[in-house]
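Enquirer: My structure is below; once you've seen it, I'll send some questions.
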Amino acid sequence: MSDKKIIEKELSIGPVHPALIEPYRIRLFVNDEIVEDCEININMAYRGVERLLEGLPVEKALLITERVCGICSNVHAWNSVRVIEAGLKIDVPERANYIRVLINEIQRIASHLIFFGHAFEVVGHETFAMRSFLLREVFMDLMAYIGGNRVMPAVPVIGGIRPRADLTESLKRVISERINDFEKKYKEYIER
21 MSDKKIIEKE LSIGPVHPAL IEPYRIRLFV NDEIVEDCEI NINMAYRGVE
71 RLLEGLPVEK ALLITERVCG ICSNVHAWNS VRVIEAGLKI DVPERANYIR
121 VLINEIQRIA SHLIFFGHAF EVVGHETFAM RSFLLREVFM DLMAYIGGNR
171 VMPAVPVIGG IRPRADLTES LKRVISERIN DFEKKYKEYI ER
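Taking my numbering, the leading residue of the sequence shown gets 21, the next gets one more, and so forth.
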(Lines of atoms letter the chains of each structure in order from A; the text may use other names.)
(Lines give C-alpha, C1' and ligand atoms only; values in the text may rest on other atoms or scores of the structure.)
Protein backbone atom coordinates (compact mmCIF):
# COMPACT_ATOMS: atom_id res chain seq x y z
CA MET A 21 0.00 0.00 0.00
CA SER A 22 1.29 3.45 -0.88
CA ASP A 23 1.79 6.18 1.70
CA LYS A 24 1.27 8.79 -1.00
CA LYS A 25 -1.10 11.49 0.17
CA ILE A 26 -3.60 12.70 -2.41
CA ILE A 27 -4.41 16.37 -2.17
CA GLU A 28 -7.55 17.82 -3.67
CA LYS A 29 -7.00 21.16 -5.39
CA GLU A 30 -9.55 23.82 -6.14
CA LEU A 31 -9.24 25.55 -9.50
CA SER A 32 -11.29 28.73 -9.60
CA ILE A 33 -12.02 30.32 -12.99
CA GLY A 34 -13.85 33.63 -13.27
CA PRO A 35 -16.05 35.57 -12.80
CA VAL A 36 -14.03 37.73 -15.17
CA HIS A 37 -11.45 35.79 -17.14
CA PRO A 38 -10.13 36.28 -20.70
CA ALA A 39 -11.21 32.76 -21.65
CA LEU A 40 -14.80 33.24 -20.48
CA ILE A 41 -17.29 34.57 -22.96
CA GLU A 42 -19.80 35.64 -20.31
CA PRO A 43 -19.31 36.58 -16.65
CA TYR A 44 -19.65 33.43 -14.58
CA ARG A 45 -17.52 31.54 -12.11
CA ILE A 46 -16.48 27.90 -12.21
CA ARG A 47 -14.87 26.05 -9.33
CA LEU A 48 -13.32 22.71 -10.28
CA PHE A 49 -12.27 20.32 -7.54
CA VAL A 50 -9.40 18.33 -9.01
CA ASN A 51 -7.71 15.24 -7.62
CA ASP A 52 -4.69 13.97 -9.58
CA GLU A 53 -5.92 15.73 -12.76
CA ILE A 54 -9.38 14.20 -12.44
CA VAL A 55 -12.26 16.59 -11.90
CA GLU A 56 -14.19 15.18 -8.95
CA ASP A 57 -16.70 17.98 -8.51
CA CYS A 58 -17.71 21.22 -10.17
CA GLU A 59 -19.58 24.28 -8.98
CA ILE A 60 -20.91 26.79 -11.51
CA ASN A 61 -22.26 30.21 -10.60
CA ILE A 62 -23.92 31.90 -13.56
CA ASN A 63 -24.53 35.63 -13.37
CA MET A 64 -26.70 37.70 -15.65
CA ALA A 65 -25.09 40.16 -18.03
CA TYR A 66 -27.54 42.99 -18.74
CA ARG A 67 -27.01 44.48 -22.19
CA GLY A 68 -30.04 46.74 -22.47
CA VAL A 69 -31.38 45.04 -25.60
CA GLU A 70 -34.97 45.42 -24.44
CA ARG A 71 -34.53 49.19 -24.42
CA LEU A 72 -33.03 49.13 -27.93
CA LEU A 73 -36.08 47.28 -29.27
CA GLU A 74 -38.67 49.74 -28.00
CA GLY A 75 -40.57 51.32 -30.88
CA LEU A 76 -38.83 49.33 -33.62
CA PRO A 77 -40.71 47.51 -36.38
CA VAL A 78 -40.92 43.78 -35.62
CA GLU A 79 -38.69 42.82 -38.58
CA LYS A 80 -35.89 45.10 -37.38
CA ALA A 81 -36.28 43.97 -33.77
CA LEU A 82 -35.89 40.33 -34.82
CA LEU A 83 -32.63 41.16 -36.61
CA ILE A 84 -31.30 42.72 -33.41
CA THR A 85 -32.38 39.92 -31.08
CA GLU A 86 -30.65 37.36 -33.26
CA ARG A 87 -27.43 39.33 -32.84
CA VAL A 88 -27.46 39.36 -29.02
CA CYS A 89 -24.89 36.55 -29.21
CA GLY A 90 -22.99 35.20 -32.20
CA ILE A 91 -22.55 31.78 -30.63
CA CYS A 92 -26.17 31.05 -29.66
CA SER A 93 -28.02 33.39 -32.01
CA ASN A 94 -30.78 30.95 -32.93
CA VAL A 95 -32.23 30.67 -29.43
CA HIS A 96 -32.56 34.46 -29.20
CA ALA A 97 -34.26 34.66 -32.60
CA TRP A 98 -36.49 31.70 -31.78
CA ASN A 99 -37.63 33.09 -28.43
CA SER A 100 -38.35 36.49 -29.97
CA VAL A 101 -40.44 34.86 -32.68
CA ARG A 102 -42.23 32.69 -30.10
CA VAL A 103 -43.21 35.77 -28.06
CA ILE A 104 -44.69 37.42 -31.15
CA GLU A 105 -46.49 34.23 -32.20
CA ALA A 106 -47.96 33.78 -28.72
CA GLY A 107 -49.08 37.41 -28.59
CA LEU A 108 -50.74 37.19 -32.01
CA LYS A 109 -52.01 33.62 -31.43
CA ILE A 110 -50.21 32.29 -34.50
CA ASP A 111 -50.06 28.50 -34.83
CA VAL A 112 -46.76 27.16 -36.12
CA PRO A 113 -46.77 23.99 -38.25
CA GLU A 114 -45.44 20.92 -36.45
CA ARG A 115 -42.71 20.38 -39.07
CA ALA A 116 -41.45 23.94 -38.59
CA ASN A 117 -41.30 23.38 -34.83
CA TYR A 118 -39.24 20.21 -35.35
CA ILE A 119 -36.79 22.07 -37.58
CA ARG A 120 -36.57 24.94 -35.08
CA VAL A 121 -35.72 22.47 -32.32
CA LEU A 122 -33.20 20.68 -34.54
CA ILE A 123 -31.25 23.84 -35.43
CA ASN A 124 -31.42 24.97 -31.81
CA GLU A 125 -30.00 21.67 -30.55
CA ILE A 126 -27.26 21.74 -33.18
CA GLN A 127 -26.30 25.25 -32.11
CA ARG A 128 -26.49 24.30 -28.42
CA ILE A 129 -24.06 21.41 -28.91
CA ALA A 130 -21.72 23.68 -30.90
CA SER A 131 -21.90 26.21 -28.07
CA HIS A 132 -21.07 23.57 -25.46
CA LEU A 133 -18.12 22.36 -27.54
CA ILE A 134 -16.68 25.87 -27.80
CA PHE A 135 -17.05 26.19 -24.02
CA PHE A 136 -15.24 22.88 -23.51
CA GLY A 137 -12.51 23.99 -25.89
CA HIS A 138 -11.92 27.19 -23.95
CA ALA A 139 -12.19 25.42 -20.59
CA PHE A 140 -9.60 22.82 -21.62
CA GLU A 141 -7.35 25.59 -22.89
CA VAL A 142 -7.58 27.45 -19.57
CA VAL A 143 -6.59 24.38 -17.56
CA GLY A 144 -3.71 23.62 -19.92
CA HIS A 145 -5.07 20.72 -21.98
CA GLU A 146 -4.34 22.03 -25.48
CA THR A 147 -4.98 18.66 -27.13
CA PHE A 148 -8.49 18.39 -25.70
CA ALA A 149 -9.12 22.03 -26.59
CA MET A 150 -8.27 21.40 -30.24
CA ARG A 151 -10.33 18.21 -30.27
CA SER A 152 -13.35 20.12 -28.94
CA PHE A 153 -12.98 22.75 -31.65
CA LEU A 154 -12.59 20.01 -34.27
CA LEU A 155 -15.74 18.23 -33.08
CA ARG A 156 -17.58 21.56 -33.13
CA GLU A 157 -16.96 21.85 -36.87
CA VAL A 158 -19.47 19.05 -37.50
CA PHE A 159 -22.23 21.16 -35.99
CA MET A 160 -21.07 24.39 -37.61
CA ASP A 161 -21.32 22.62 -40.98
CA LEU A 162 -24.78 21.31 -40.12
CA MET A 163 -25.94 24.85 -39.32
CA ALA A 164 -24.66 25.93 -42.74
CA TYR A 165 -26.43 23.02 -44.48
CA ILE A 166 -29.75 23.79 -42.79
CA GLY A 167 -29.74 27.56 -42.32
CA GLY A 168 -27.34 28.70 -45.03
CA ASN A 169 -24.82 30.16 -42.54
CA ARG A 170 -22.37 28.68 -40.06
CA VAL A 171 -23.03 31.61 -37.73
CA MET A 172 -26.47 33.19 -37.28
CA PRO A 173 -28.46 30.72 -39.37
CA ALA A 174 -31.67 32.78 -38.96
CA VAL A 175 -34.01 29.80 -39.27
CA PRO A 176 -37.11 30.88 -37.29
CA VAL A 177 -39.46 33.48 -38.73
CA ILE A 178 -42.92 34.49 -37.56
CA GLY A 179 -45.23 31.57 -38.31
CA GLY A 180 -42.57 29.03 -39.29
CA ILE A 181 -39.09 28.79 -40.75
CA ARG A 182 -37.24 30.29 -43.67
CA PRO A 183 -37.81 28.28 -46.86
CA ARG A 184 -34.07 27.55 -47.20
CA ALA A 185 -34.18 25.66 -43.89
CA ASP A 186 -36.66 23.00 -45.01
CA LEU A 187 -35.16 19.52 -44.77
CA THR A 188 -34.89 17.45 -47.93
CA GLU A 189 -34.41 13.67 -47.78
CA SER A 190 -30.77 14.03 -48.86
CA LEU A 191 -30.14 16.67 -46.18
CA LYS A 192 -31.68 14.39 -43.54
CA ARG A 193 -29.22 11.66 -44.60
CA VAL A 194 -26.28 14.09 -44.40
CA ILE A 195 -27.35 15.23 -40.91
CA SER A 196 -27.68 11.63 -39.72
CA GLU A 197 -24.29 10.63 -41.19
CA ARG A 198 -22.50 13.64 -39.73
CA ILE A 199 -23.98 13.07 -36.26
CA ASN A 200 -23.02 9.37 -36.42
CA ASP A 201 -19.46 10.37 -37.43
CA PHE A 202 -19.38 12.84 -34.53
CA GLU A 203 -20.49 10.16 -32.08
CA LYS A 204 -17.76 7.75 -33.25
CA LYS A 205 -15.07 10.44 -33.06
CA TYR A 206 -16.31 11.65 -29.68
CA LYS A 207 -16.18 8.13 -28.22
CA GLU A 208 -12.74 7.64 -29.74
CA TYR A 209 -11.47 10.77 -27.99
CA ILE A 210 -12.97 9.70 -24.67
CA GLU A 211 -11.31 6.28 -24.86
CA ARG A 212 -7.81 7.75 -25.36
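All C-beta atoms, glycine included, are put in the ideal place defined by N, C-alpha and C.
Computed from a prediction, not measured in an experiment: that's the story for all the values here.
(1) What's the gap between the Cα of Glu70 and the Cα of Leu83?
(2) In the DSSP assignment, find the unbroken alpha helix (DSSP H) run with Arg151 in it and report its ends.
(3) Can you tell me whether Pro176 is helix, strand or coil according to DSSP?
(4) So does the stretch 192-209 actually touch the stretch 145-157, counting three or more Cβ pairs closer than 8 angstroms?
(5) Helix, strand or coil: how does DSSP classify Glu53 here?
(6) Rounded to whole angstroms, how far is the Cβ of Ala185 from the Cβ of Ala97, which I believe are closer than 8 angstroms?
(7) Looking at the structure shown, is Ile60 part of a helix, part of a strand, or coil, going by DSSP?
(8) Decide if Leu76 is buried, meaning its Cβ has at least 16 other Cβ atoms within 10 Å, or exposed.
Expert: With the given structure in hand:
(1) 13 angstroms
(2) 146-167
(3) strand
(4) yes
(5) coil
(6) Rounded, the Cβ-Cβ distance is 12 angstroms, inconsistent with contact.
(7) strand
(8) exposed
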